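Structure first, then comments.
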Amino acid sequence: MSRSVLLIDKEALFHNVRSLYQFSGKPIIAVVKSDAYGVGVKYIASLLESLREVEFLAVACVEEGIELRKLGVKKPILILGGVLKGEGKALVDYKLTPVISHREHLRAVEGLKVPLHLKFDTGMGRLGFLDEFVEDPRVEGLLTHLSSPADEEFSKRQIEVFKKILERYKGIKYVHLESSAGLIYRVPFATHIRVGLALYGEKPLPNYPIELKPVLTLRARLISVKNLPKGHPISYSRSYILERDTLVGVVAFGYADGLMKSLSNRGVLYYQGKPVKILGNITMDMTIVDLGGTQPKVGDWVDIVCQRQSFTDLAKLAGTIPYELMCNLSKRIKRRVL
Ligand SMILES: *Cc1c(COP(=O)(O)O)cnc(C)c1O
Numbered sequence: 033m034s035r036s037v038l039l040i041d042k043e044a045l046f047h048n049v050r051s052l053y054q055f056s057g058k059p060i061i062a063v064v065k066s067d068a069y070g071v072g073v074k075y076i077a078s079l080l081e082s083l084r085e086v087e088f089l090a091v092a093c094v095e096e097g098i099e100l101r102k103l104g105v106k107k108p109i110l111i112l113g114g115v116l117k118g119e120g121k122a123l124v125d126y127k128l129t130p131v132i133s134h135r136e137h138l139r140a141v142e143g144l145k146v147p148l149h150l151k152f153d154t155g156m157g158r159l160g161f162l163d164e165f166v167e168d169p170r171v172e173g174l175l176t177h178l179s180s181p182a183d184e185e186f187s188k189r190q191i192e193v194f195k196k197i198l199e200r201y202k203g204i205k206y207v208h209l210e211s212s213a214g215l216i217y218r219v220p221f222a223t224h225i226r227v228g229l230a231l232y233g234e235k236p237l238p239n240y241p242i243e244l245k246p247v248l249t250l251r252a253r254l255i256s257v258k259n260l261p262k263g264h265p266i267s268y269s270r271s272y273i274l275e276r277d278t279l280v281g282v283v284a285f286g287y288a289d290g291l292m293k294s295l296s297n298r299g300v301l302y303y304q305g306k307p308v309k310i311l312g313n314i315t316m317d318m319t320i321v322d323l324g325g326t327q328p329k330v331g332d333w334v335d336i337v338c339q340r341q342s343f344t345d346l347a348k349l350a351g352t353i354p355y356e357l358m359c360n361l362s363k364r365i366k367r368r369v370l
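With the first letter of the sequence shown counted as 1, position 85 gets the number 117 in this note's numbering; the numbers rise by one all the way through.
Quick look at the structure:
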């Protein structure tokens, strides 16, 4: 009897994987870091594992890689965040492939029989070698990361810099740099795409050229419905005062569940397909909405993310990005694969 649920539409996820594969013509490195962007790696990993279009999974750190192996993942696993001293043995034990972006990462894999991917910093200013040549027979992959996929001029410059770096390497099996948004550049020398967000049907750019279906529905139950009179204050700090007699609902979902407090008095949720305004401050476990014009019952579901409102829409309203919203989805929310 959960009070909130994240529904995962398996067929929509499969559709999106195929769409991304068809558009790019490249197999997929599916990025499932941070518990599959908050969706729940336990549910997502086995779905991705079953698809031939997905060749690798990628996570941020060794611990997340071990978690994937324990979930039964057999495909190769990339560790995007490199490898620190003391983590080398786990790479061998769990067959994990580190992305090397620093000399210290190389030292952590000294003498170990593991494949390596080398990362270059072509303008992200985060991880990666600049222009040094790293020679190691274990290198099977080269990558970089685009910092501003919406900026065509800068992205093309990054792609050119990366291309120059590649010329110094021979016999590399995997070359990858296109994230969900970066895909639009259709980089001809890249062998794989490295995508996370778009898997869930969230479009990373306006006018995104790939047809995606929404995968996620997020809903929570009404735990109270009552009439309150005009002038009645709502929630902490009384930031909203009712302008008329109002049918007020309390939804069992608050900022602890991942609904940003900045959506207080701004956002809308959906009850039976109808927008219902958020009234007053969002609280830790509850959000108050105006249910005027509907006939709700305690126990009914209210949609937070649905066909009419994506994580991207909600993030825009909250002044953030869908990644942050999704990563904040609490473990209290039940996940269900449809
Ligand atoms: C998270 C991440 C990705 C995936 O980005 P999306 O925008 O979710 O597709 C790709 N590459 C690296 C290095 C990342 O950290």
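Backbone N, C-alpha and C define an ideal beta-carbon position, used for all residues, glycine too.
Since the model is a prediction, treat every value here as computed from it, not as a measurement.
| query | result |
| --- | --- |
| Distance, K42 Cα to K309 Cα | 30 Å |
| Any non-hydrogen atom of ligand 1 within 6 Å of V63 CB | yes |
| CB of A284 within 7 Å of CB of S362, strictly | no |
| Segment contact, 8 Å Cβ cut-off, at least three pairs: the region 158-167 with the region 208-222 | no |
| Alpha helix (DSSP H) segments (min. 4 residues) lying fully within the region 41-97 | 42-56, 65-69, 73-81 |
| Buried versus exposed call for D168 [16 or more other C-beta atoms within 10 Å across all chains shown] | exposed |
| Residues that I225 bridges to, as DSSP identifies them | I60, E210 |
| 7 Å Cβ shell around S294 - same chain, five flanking residues per side excluded | A350, G351 |
| Closest by C-alpha distance to E275, when choosing among G305, K306, D322 | D322 |
| Straight-line Cα distance separating L175 from C93 | 17 Å |
| Contact test: G70 Cβ vs ligand 1 heavy atom, cutoff 6 Å | no |
| Rounded separation between T278 and I314 - CA only | 18 Å |
| Own chain partners of R200 with C-beta closer than 7 Å, once the 5 adjacent residues on each side are dropped | F165 |
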